[in-house]
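Novice:
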Amino acid sequence: MKSAASSLLFTAKTPISLRRSQPSVIHLTTSLLDKSNRNPINLKPLRFQAYTSFSRVMASSSSFKPEQARAPPALPLPTPPVTKFKIGLCQLAVTVDKQRNIAHARQAIEEAAAKGANLVVLPEIWNGPYSNDSFPVYAEDIDAGYQASPSTAMLSEIARHLKITIIGGSISERSQGRLYNTCCVFDSKGNLIAKHRKIHLFDIDIPGKITFMESKTLTAGETPTIVDTEVGRIGIGICYDIRFQELAMIYGARGAHLICYPGAFNMTTGPLHWELLQRARAVDNQLYVATCSPARDAGAGYVAWGHSTLVGPFGEILATTEHEQDIIIAEVDYSQIDQKRTSLPLNKQRRGDLYQLVDIQRLNS
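Numbering-wise, full-length UniProt numbering puts 239 at position 239 of the sequence shown, and it's gapless, one number per residue.
1. When DSSP builds the beta bridges, which residues end up paired with residue 196?
2. Is the distance from the Cβ of residue 309 to the Cβ of residue 278 below 8 Å?
3. Tell me, which residues are paired with residue 246 by DSSP?
4. Alpha carbon to alpha carbon, how far is residue 330 from residue 85?
5. Taking 8 Å as the threshold (C-beta atoms), are residue 227 and residue 185 in contact?
6. One question on the structure: do residue 206 and residue 221 come within less than 8 Å of each other, judged by their Cβ atoms?
7. How many Å lie between residue 238 and residue 69 at the Cα?
8. Only counting the same chain, and skipping five residues up and downstream in sequence, which positions put a Cβ closer than 7 Å to that of residue 95?
9. In the DSSP assignment, the beta strand (DSSP E) including residue 119 goes from what residue to what residue?
10. For residue 326, collect the residues of the same chain with a Cβ closer than 6 Å to its Cβ; drop the 5 residues on either side in sequence, then sort them by chain order.
11. When burial is assigned at 16 or more other CB atoms within 10 Å of the CB, is residue 345 buried or exposed?
12. How would you call residue 213, buried or exposed, if buried means at least 16 neighbouring beta carbons within 10 angstroms?
13. In terms of residues, what are the limits of the alpha helix (DSSP H) holding residue 328?
14. Quick one: what's got a C-beta closer than 8 Å to residue 303's C-beta in the same chain, skipping five residues either side?
15. By how many angstroms is the C-alpha of residue 183 removed from the C-alpha of residue 167?
16. Determine the DSSP secondary structure at residue 252, reduced to helix, strand or coil.
17. Just how far apart, CA to CA, sit residue 365 and residue 74?
18. By a C-beta neighbour count over all protein chains shown, 10 Å radius and 16 as the cutoff for buried, is residue 208 buried or exposed?
19. Cα-Cα, which of 196, 305 and 347 is closest to residue 284?
20. For residue 202, which of helix, strand or coil comes out of DSSP?
21. What is the residue span of the beta strand (DSSP E) that residue 262 lies within?
22. Could you check whether the region 147–167 touches the region 311–325, counting it as contact only if at least three pairs of C-beta atoms, one from each stretch, sit closer than 8 Å?
23. Residue 232 by DSSP, collapsed to three states: which one?
24. What does DSSP give as the partner residues of residue 174 in its beta bridges?
25. Do residue 306 and residue 129 count as a contact pair if the criterion is CB distance below 8 Å?
26. Within the continuous alpha helix (DSSP H) that includes residue 213, where are the two ends?
27. Enumerate, from N- to C-terminal direction, the unbroken beta strand (DSSP E) stretches of 3 or more residues contained entirely within the region 63–134.
28. Are the CB atoms of residue 201 and residue 218 within a distance shorter than 8 Å?
29. Around the C-beta of residue 232, are 16 or more other C-beta atoms found within 10 angstroms, so that it is buried, or is it exposed?
30. Check residue 226 in the structure and name its three-state DSSP category.
31. Which residues mark the beginning and the end of the beta strand (DSSP E) in which residue 310 is found?
32. Counting along the chain, where does the alpha helix (DSSP H) carrying residue 152 start and finish?
33. Taking the alpha-carbon of residue 137 as reference, which of 161, 125 and 147 has the nearest alpha-carbon?
34. Quick one: what does DSSP say residue 26 is sitting in, helix, strand or coil?
35. Per DSSP, what kind of secondary structure is residue 217 in: helix, strand or coil?
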């Protein structure tokens, strides 16, 4: 299993020297982690040059080598099993009573399915309080089976019973002496088809506002997660993962139709960044983004912002809510992805002659 740091890599291409007046050159030194075993690890300056040649600007897009902007080359968008379906985002109130939280989540899933949802998404850390003190108390050993994990046992059973796909928010997972913030994905037969461990841990310190260090108790996941489901190819991130556009770009290059981010932004960063980041991830990669937050509890140690949302491939808000407990039902129409990518053909306009995103996991597989 490769580390999260080894999954994402940017490189810059060697610039073309000009005979006439040389433009200014900016040097940026960076450490590149090369897992391909093709080249040694070196620290070299990356050189970026501004080109003013009119002929260069007017060159055909094919000379820009857009297919080389992703390495390995981006996968074509797969044909999804369905073009249109309904998604349910369950913004749940979370208490200190684990059994109550499990029963409440089950009820919300049943309600969403009754309203036509084929895909249901739960919030981050929905079976107990979001705190470093609570993570070990509420943790479950998912790999040990459903008797050791009542939260995932419920998700498997209800997915099979209702014949729906479930993005199971996240719970605290205990595995081999470590704790993870983990999202489980279940198909309509109740099978666990993917498990995403939060890659980027929420370690922040905003003086006078909020300080939180997930790394005090949690271990970072080591791999991006993308899964083919009965409602399309879905990439998974958890909360803080949404801040890292490289992960979303990896999912886009792997052919994702939709990225789901269970998340619990707070009262400081939520108003500033929550909607902004969702729309950015969607419009940059021209795909759907769905987020699901816990409902706000002003008396909790960690107060969630709420505002679960579905964003379309043009960055448009398709459905959202406020901070109270709620269930959002909205339609996803994958034909909009092709339409938007035809209108704005970014995949054909990238400058593979100047930059490249390397998916190291795919490169080494």
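Glycine residues also receive a C-beta, built at the ideal position from the N, C-alpha and C atoms.
In this text, all values refer to a predicted model and were calculated from it rather than measured experimentally.
Specialist: So, from the listed chains and residues:
1. For this step, residue 196 is matched to residue 196 along the sequence shown. 183.
2. Start at 1 with the first residue of the sequence shown, and residue 309 comes out as number 309. Start at 1 with the first residue of the sequence shown, and residue 278 comes out as number 278. In this structure, residue 278 lies closer than 8 Å to residue 309 by Cβ.
3. Numbered from its first residue, the sequence shown carries residue 246 at position 246. According to DSSP, residue 246 bridges with nothing at all.
4. As a first step, residue 330 is located in the sequence shown; it is residue number 330 there, counting from the start. As a first step, residue 85 is located in the sequence shown; it is residue number 85 there, counting from the start. Roughly 8 Å between the two C-alpha positions.
5. Taking the first residue of the sequence shown as position 1, residue 185 is located at position 185. Taking the first residue of the sequence shown as position 1, residue 227 is located at position 227. Cβ distance < 8 Å, so residue 185 and residue 227 count as in contact.
6. Residue 206 sits at position 206 when you count from the first residue of the sequence shown. Residue 221 sits at position 221 when you count from the first residue of the sequence shown. No, these two residues do not count as a Cβ contact at 8 Å.
7. Taking the sequence shown and counting its residues from 1, one reaches residue 238 at position 238. Taking the sequence shown and counting its residues from 1, one reaches residue 69 at position 69. Cα to Cα, the separation comes out at about 26 Å.
8. Here residue 95 refers to the residue found at position 95 when the sequence shown is read from its first residue. Same-chain partners within the cutoff: 101.
9. By one-based count along the sequence shown, residue 119 stands at place 119. It spans 119–121 - the beta strand (DSSP E) in which residue 119 sits, taken as one unbroken run.
10. Taking the first residue of the sequence shown as 1, we reach residue 326 at position 326. Around residue 326: 91.
11. As a first step, residue 345 must be located in the sequence shown, where it is residue number 345. Result: exposed.
12. Counted from its first residue, the sequence shown places residue 213 at position 213. It is exposed - the Cβ of residue 213 has fewer than 16 other Cβ atoms within 10 Å.
13. Against the sequence shown, residue 328 aligns to sequence position 328. Unbroken run through residue 328 is the beta strand (DSSP E), 326–333; no alpha helix (DSSP H).
14. Against the sequence shown, residue 303 aligns to sequence position 303. Counting only Cβ-Cβ distances below 8 Å, and skipping sequence neighbours, we find 266, 267, 296 and 297.
15. Working through the sequence shown from its first residue, we reach residue 167 at position 167. Working through the sequence shown from its first residue, we reach residue 183 at position 183. Rounded to the nearest angstrom, the two C-alpha atoms are 7 Å apart.
16. Reading the sequence shown from its first residue, position 252 is the one you call residue 252. Of the three classes helix, strand and coil, the one that applies to residue 252 here is helix, per DSSP.
17. Within the sequence shown, the letter at position 365 stands for residue 365. Within the sequence shown, the letter at position 74 stands for residue 74. Looking at the two C-alpha atoms, the distance is approximately 15 Å.
18. Along the sequence shown, one-based indexing puts residue 208 at 208. Per the 10 Å Cβ criterion, exposed.
19. As a working mapping, residue 284 is identified with position 284 in the sequence shown. Of 196, 305 and 347, the residue nearest in Cα terms is 347.
20. Reading the sequence shown from its first residue, position 202 is the one you call residue 202. Residue state, collapsed to three classes: coil.
21. The sequence position of residue 262 within the sequence shown is 262, counting from 1. Residues 258–262.
22. no
23. Indexing the sequence shown from 1 puts residue 232 at position 232. Three-state DSSP puts residue 232 in a strand.
24. Here residue 174 refers to the residue found at position 174 of the sequence shown. Paired residues: 179.
25. The residue given as residue 129 occupies position 129 in the sequence shown. The residue given as residue 306 occupies position 306 in the sequence shown. No, the pair does not count as a contact, with Cβ atoms beyond the cut-off.
26. One-based indexing of the sequence shown puts residue 213 at position 213. From DSSP, residue 213 is part of no alpha helix (DSSP H) but of the beta strand (DSSP E) over 210–213.
27. 84–91 and 119–121
28. Taking the first residue of the sequence shown as 1, we reach residue 218 at position 218. Taking the first residue of the sequence shown as 1, we reach residue 201 at position 201. Yes, they are a contact pair.
29. As a working note, residue 232 is residue 232 in the sequence shown. It is buried - the Cβ of residue 232 has at least 16 other Cβ atoms within 10 Å.
30. To locate residue 226, count along the sequence shown from 1; it is residue 226. In the structure shown, residue 226 sits in a strand (DSSP, three-state: E or B).
31. For this step, residue 310 is matched to residue 310 along the sequence shown. 309–311 is the extent of the beta strand (DSSP E) around residue 310.
32. Counting from one through the sequence shown, the residue named residue 152 turns up at place 152. Where residue 152 is concerned, the enclosing alpha helix (DSSP H) stretches over 150–162.
33. Within the sequence shown, the letter at position 137 stands for residue 137. When each option's Cα is compared against that of residue 137, the closest is 125.
34. To locate residue 26, count along the sequence shown from 1; it is residue 26. The pLDDT assigned to residue 26 is 31, lower than 50, so where the model puts this residue is not dependable; a value taken from the coordinates is nonetheless given after this. Of the three classes helix, strand and coil, the one that applies to residue 26 here is strand, per DSSP.
35. As a working mapping, residue 217 is identified with position 217 in the sequence shown. Residue state, collapsed to three classes: coil.
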